[in-house]
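Going from the sequence shown to my numbering is simple: count from 1 and add 15.
The beta carbon of each residue, even a glycine, is placed where N, CA and C say it ideally should be.
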Amino acid sequence: MKNGLAALTGLTACLLFVSCEPPQLEEPAPEFDPQTVAAAVLEVLDEQVEAWNEGDIEGFMAGYLRSEELRFTSGNEVRRGWRNTLERYRQTYPDRAAMGTLAFEELDVRVLSEHAAQVFGRFRLTRESDEPTGLFTLLVERHGDRWRIVTDHTSN
Numbered sequence: 016m017k018n019g020l021a022a023l024t025g026l027t028a029c030l031l032f033v034s035c036e037p038p039q040l041e042e043p044a045p046e047f048d049p050q051t052v053a054a055a056v057l058e059v060l061d062e063q064v065e066a067w068n069e070g071d072i073e074g075f076m077a078g079y080l081r082s083e084e085l086r087f088t089s090g091n092e093v094r095r096g097w098r099n100t101l102e103r104y105r106q107t108y109p110d111r112a113a114m115g116t117l118a119f120e121e122l123d124v125r126v127l128s129e130h131a132a133q134v135f136g137r138f139r140l141t142r143e144s145d146e147p148t149g150l151f152t153l154l155v156e157r158h159g160d161r162w163r164i165v166t167d168h169t170s171n
């Protein structure tokens with residue numbers, strides 16, 4: 016009986032020792048910084064302006080989510096999908112003269128979460144014969160390590 020009690024005491028002590036180990040600490044999640052999100056979103060728009068002003072519509076489209084989920088609304092029409100939106104841009108802006116020089120103004124980024132932001136702004140095209148302008152609202156989401164426009168509502 017003594018040996019059984021000693022074994023039980025030893026087993027209990029062993030279990031207490033194992034259960035009293037300090038918990039393994041997990042790597043803390045990086046802190047969410049809205050300014051970092053806003054800067055990343057504005058970088059996408061800067062890249063779009065640069066591509067547009069080089070006459071590169073496909074480079075401009077790199078700012079959009081390359082998916083059928085993309086929704087682009089302009090001119091009282093809704094287009095769904097990256098390819099349909101690209102075709103709309105190609106038809107509306109067939110050459111460099113039609114594209115003009117793009118500028119985004121009055122940009123206001125509202126960070127919704129670490130994975131989403133809303134952008135309000137004004138676009139301005141400077142062309143030889145005119146200077147069209149309009150307003151836009153974008154929903155921008157993080158996909159992997161990249162930020163992409165998933166919804167664009169533009170009016171002029």
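Query: Can you check DSSP and say which residues form a bridge with residue 55?; Result: None, per the DSSP bridge assignment.
Query: Measure the alpha-carbon distance for residue 103 versus residue 167 and round it to whole angstroms.; Result: 13 Å
Query: Tell me whether residue 119 sits in a helix, a strand or coil according to DSSP, three-state version.; Result: strand
Query: Please work out which residues of its chain come closer than 7 Å, Cβ to Cβ, to residue 56, disregarding the five sequence neighbours upstream and downstream, and give them in chain order.; Result: 124, 132, 134, 155 and 162
Query: Kindly indicate the opening and closing residues of the beta strand (DSSP E) around residue 150.; Result: 148 to 158
Query: Just checking, does the region 83 to 94 make contact with the region 56 to 71 on the three C-beta pairs under 8 Å criterion?; Result: no
Query: At what residues does the alpha helix (DSSP H) containing residue 94 begin and finish?; Result: Note, residue 94: premise wrong, no alpha helix (DSSP H); beta strand (DSSP E) at 92 to 95.
Query: Throw me the rounded Cβ distance for the residue 180 and residue 138 pair, which I believe falls under 8 Å.; Result: The structure shown does not extend to residue 180, since the chain is modelled only from 16 through 171, so no value can be given for it.
Query: On the DSSP letters alone, give me the boundaries of the alpha helix (DSSP H) that residue 135 sits inside.; Result: No alpha helix (DSSP H) contains residue 135, which is instead part of the beta strand (DSSP E) from 131 to 141.
Query: Drop a sphere of 10 angstroms on the beta-carbon of residue 93, count the other beta-carbons inside from all chains shown, and report buried for 16 or more, exposed for fewer.; Result: exposed
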